[in-house]
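Numbering (the numbering used here), first residue to last: 9 to 200. What follows is one structure encoded as structure tokens, with my remarks underneath.
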């Protein structure tokens with residue numbers, strides 16, 4: 009291995025460490041606890057080293073959002089693939105989405121609530137964000153209904169899931185009714 013390859017590997021390892029530590033801090037204490045100073049202390053590197061990877065917290069949030077989108081896409085596809093038939097796929101997709109938001113609230117916030125400097129629904133949208141939407145579209149497009157644009161239907165369904173996730177996490181909707189809400193959403197919006 010050349011010196012250059014070793015340095016690139018070490019840099020990639022440091023970047024993974026920074027992001028993993030940021031996620032851990034955010035999941036334990038919220039995004040306000042994620043500061044470059046605290047990150048530098050936790051990873052045992054100086055702040056200038058941290059800044060050589062990310063210009064600041066906003067870029068870290070964006071990188072976590074990109075990671076989260078990739079993870080969500082994998083989870084959504086796995087849930088849909090394990091289900092049999094369009095209705096079961098949509099129910100599994102909805103449950104998987106809501107589960108992701110519940111299990112990884114800080115990552116979910118980085119993806120959809122915080123400013124990570126990422127463009128959505130634009131040419132320069134990072135590929136993992138596009139892929140997470142595609143993972144929704146793959147199952148939802150088949151239940152949009154005749155004459156309904158599959159992309160618009162997916163946006164509406166996604167917005168509904170996001171609203172359910174956000175309102176439930178905030179305590180505005182009782183958590184124990186999540187399954188009934190999910191069933192109602194699928195029954196009323198999807199053409200099965």
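Just so it is clear, CB atoms sit at the ideal spot from N, CA and C, and this is done for glycine as well. Fair warning: this is a prediction, and the values are worked out from it, not measured in the lab.
Go ahead and pull the three-state DSSP assignment for residue 42. Taking the chain shown and counting its residues from 1, one reaches residue 42 at position 34. It is coil, neither helix nor strand.
Determine the contact status of residue 136 and residue 75, defining contact as a CB-CB distance below 9 Å. As a position in the chain shown, residue 136 is number 128, starting the count at 1. As a position in the chain shown, residue 75 is number 67, starting the count at 1. Yes, they are a contact pair.
From 118, 93 and 95, pick the residue whose C-alpha is nearest to that of residue 65; which is it? Residue numbering aside, residue 65 sits at position 57 when the chain shown is read from its first letter. Closest in C-alpha terms to residue 65, from the list 118, 93 and 95, comes 118.
Using the three-state DSSP reduction, which class does residue 205 fall into: helix, strand or coil? Here the chain comprises residues numbered 9 to 200, so residue 205 is not present and cannot be evaluated.
Taking all protein chains shown into account, decide if residue 175 is buried (16 or more other Cβ within 10 angstroms of its Cβ) or exposed. Here residue 175 refers to the residue found at position 167 when the chain shown is read from its first residue. Exposed, since its Cβ has fewer than 16 Cβ neighbours within 10 Å.
Which residue's Cα is closest to the Cα of residue 53: 198, 18 and 104? Indexing the chain shown from 1 puts residue 53 at position 45. Minimum Cα distance to residue 53 is reached at 18.
Between residue 165 and residue 144, is the Cβ-Cβ spacing less than 9 Å? Position 157 of the chain shown, counted from the start, is the residue given in the question as residue 165. Position 136 of the chain shown, counted from the start, is the residue given in the question as residue 144. Yes.
Just curious, the alpha helix (DSSP H) that residue 168 is in, first and last residue? Taking the first residue of the chain shown as 1, we reach residue 168 at position 160. Note, residue 168: alpha helix (DSSP H), 158-177.
Just to confirm before moving on: does the CB-CB distance between residue 94 and residue 151 stay below 9 Å? The sequence position of residue 94 within the chain shown is 86, counting from 1. The sequence position of residue 151 within the chain shown is 143, counting from 1. Going by C-beta atoms, residue 94 is nearer than 9 Å to residue 151.
Of the listed residues 97, 167, 187 and 114, nearest to residue 199 (C-alpha basis): Within the chain shown, residue 199 is the residue found at index 191, counting from 1. Out of 97, 167, 187 and 114, 97 has the C-alpha closest to the C-alpha of residue 199.
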